[in-house]
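Heads up: the sequence shown is residues 82 to 553, going by my numbering. Quick reminder that beta carbons are idealized off the backbone N, C-alpha and C, glycines included. Small disclaimer: the values here were computed from a predicted structure and weren't measured.
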Amino acid sequence: MAVQGITRRWIVNSLTVIVLVLITLVVILSITMQQYIYSTIQSQLKGRSEEASNLFSGYSQQASQEFTTSARAYIENFTAKNEMEAMAVNLSGKVFITSTGFAPDNNQPMPDYQYALKDETGLGVWVGNLNSGEKVMAVTKVIYGRNGGVIGALRYVVSMEKANQQILMIVGFLTLGSLLIISFIVFSNLYFMKSIVTPIRQIGATAKRIAQGDFNARIQKSNEDEIGQLCDNINDMAVELGAAEKMKNEFISSVSHELRTPLTAIKGWAETLQGGGMDSATYDKGMNVIIRESERLSGLVEELLDFSRMQNGRMTLMMEKIDLLAELGEAVYMFTDRAAAEHKYLLYEEPAMLSPVLGDINRLRQVFVNIIDNALKYTAEGGTIQVTASEQEGLIRVVISDNGCGIPAEHLPNVKKKFYKANQTVRGSGIGLALADEIMKLHGGQLDLESHENVGTAVTITIPVLDHSEGM
82 MAVQGITRRW IVNSLTVIVL VLITLVVILS ITMQQYIYST IQSQLKGRSE
132 EASNLFSGYS QQASQEFTTS ARAYIENFTA KNEMEAMAVN LSGKVFITST
182 GFAPDNNQPM PDYQYALKDE TGLGVWVGNL NSGEKVMAVT KVIYGRNGGV
232 IGALRYVVSM EKANQQILMI VGFLTLGSLL IISFIVFSNL YFMKSIVTPI
282 RQIGATAKRI AQGDFNARIQ KSNEDEIGQL CDNINDMAVE LGAAEKMKNE
332 FISSVSHELR TPLTAIKGWA ETLQGGGMDS ATYDKGMNVI IRESERLSGL
382 VEELLDFSRM QNGRMTLMME KIDLLAELGE AVYMFTDRAA AEHKYLLYEE
432 PAMLSPVLGD INRLRQVFVN IIDNALKYTA EGGTIQVTAS EQEGLIRVVI
482 SDNGCGIPAE HLPNVKKKFY KANQTVRGSG IGLALADEIM KLHGGQLDLE
532 SHENVGTAVT ITIPVLDHSE GM
């Protein structure tokens, strides 16, 4: 699998930080170990020099010859010759004997001797390379007589080759450990990222199918984590989009039918009237059909325009103080003849009076008309539609109930959604209830439905009365 995309960024970003941290740790640990090893060797050399200083103390200024003799015996019997090289230095600063048994090489650098002469304690330390290129550490201790004069010096030299090899070995182990850590992190990150990227790719592919209209596409989730929740959410989205698409298609089909029916009637009667040669009764009947169906078309178009305004948030209300009781009575009166023609009973229990409300007179009448129209459509011949109104605790409640077919329980939560129609056999666009619900919300009220299949439906419209303290 090519490392790309989010995997590549994850690996590169995490590795950059980890590599920098590990390099820093390796450098710090290497320097610390070098300083520790060097300081340990230096402490050993200083310990030897202090031991020799105590051994050779007490000589007089004129005892340089005696020092030379004693120093020669000390060097010849030096017990740590396998660990370090011991040298004796005379007053002239020349090495006259070494513990190696070879003739002293006075051409080698001895800055530690110069440091020792300048040091208050008579001690000098130097780390550097001999003429041969070998790296060494040297410690020189100046020997003073009783009167404080220099009578000679003792010098200890240790090769740093083994120490440096040990340091290199430690650095190697640290580097190897760092590489193992990096390898573990890379492989664990790749495994972890695969567990994330693979589902994300599946989600992306499924989302693309959904975007192209395949609302039956689903994602199989593998874990109950955030990605699993995302899979569930996308699956739920596909279900909702599928349902919305279905409702949209049904809405288009329903609206097309709603438009076609009156247009067919208008066209048919227009062609009939155009032919002439008919009596006045037939002429009047045709004109009545054309007018009635034109009004029906006009109402449907206006409903669609209102729905478009609602969707775009451009629905505005002309708020004024109105008598809700008068508007409700007018809406009921509009359907009296229709109810009688359809052999249905439209009963209106008109209260004595109701407090005024602040609202849009046309929009509220539209709500009443829509609800009563629905009640008549879904009530069979011989059925009853009852309208009541009451006022309580600053709220006016208008209840429009029927004993029609009712709404099945599975459809009830969705009937106020746009495009939704619980019964596709009944005419209507499917946006009337959604529009009425939005109008009531804009008035600070609400629209509630209670329905039982084969029992009937009750729609409760609630709106607050006018608060006179707010003014007009």
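According to the DSSP assignment, PHE273 belongs to the alpha helix (DSSP H) that extends over 242 to 292. Annotation: the continuous beta strand (DSSP E) that includes VAL479 extends over 476 to 483.
GLU472 has ILE477 as its beta-bridge partners, per DSSP. Checking the DSSP bridge columns, you'll see GLY209 partnered with VAL217.
Taking a 10 Å sphere around the C-beta of VAL102, we find fewer than 16 other C-beta atoms and assign the residue as exposed.
For PHE449, the uninterrupted alpha helix (DSSP H) run begins and ends at 442 to 458, by DSSP.
MET191 and LEU255 have their C-alpha atoms some 35 Å from each other. For THR160, no beta strand (DSSP E) run applies, since DSSP gives it neither H nor E.
The beta-carbon separation of LEU406 and LEU435, rounded to 5 Å, stays under the 8 Å limit for a contact. Counting every other CB atom within 10 Å of its CB across the protein chains shown gives ALA490 a total below 16, marking it as exposed.
Per DSSP, ALA490 is not a residue of any beta strand (DSSP E), being assigned neither H nor E. Beta-bridge pairing by DSSP links GLU531 to ALA539.
With a contact defined as Cβ atoms closer than 8 Å, ARG444 and ILE512 miss out at about 15 Å. The C-beta distance from ASN316 to ILE333 rounds to 26 Å, too long to fall under 8 Å, and the pair is not in contact.
Taking each of ILE481, GLN355, GLY356 and VAL540 in turn and checking the Cα distance to GLU430, the smallest one comes out for ILE481.
The beta carbon of ILE284 is closer than 7 Å to those of ILE300, LEU311, CYS312 and ILE315 in its chain, skipping five residues each way along the sequence. For the pair TYR364 and GLU326, the Cα-to-Cα distance works out to about 44 Å. The Cβ atoms of ALA184 and LEU235 lie no closer than 8 Å to each other. ARG90 and ARG282 have their C-alpha atoms spaced approximately 16 Å apart. By the Cβ neighbour-count rule, TYR237 is buried, with 16 or more other Cβ atoms within 10 Å of its own. Ranked by Cα distance from GLY230, the first of GLN123, THR202 and ALA161 is THR202. In the structure shown, the three-state DSSP call for LYS222 is strand.
Counting the other CB atoms within 10 Å of its CB gives PRO280 a total of 16 or more, which places it among the buried residues.
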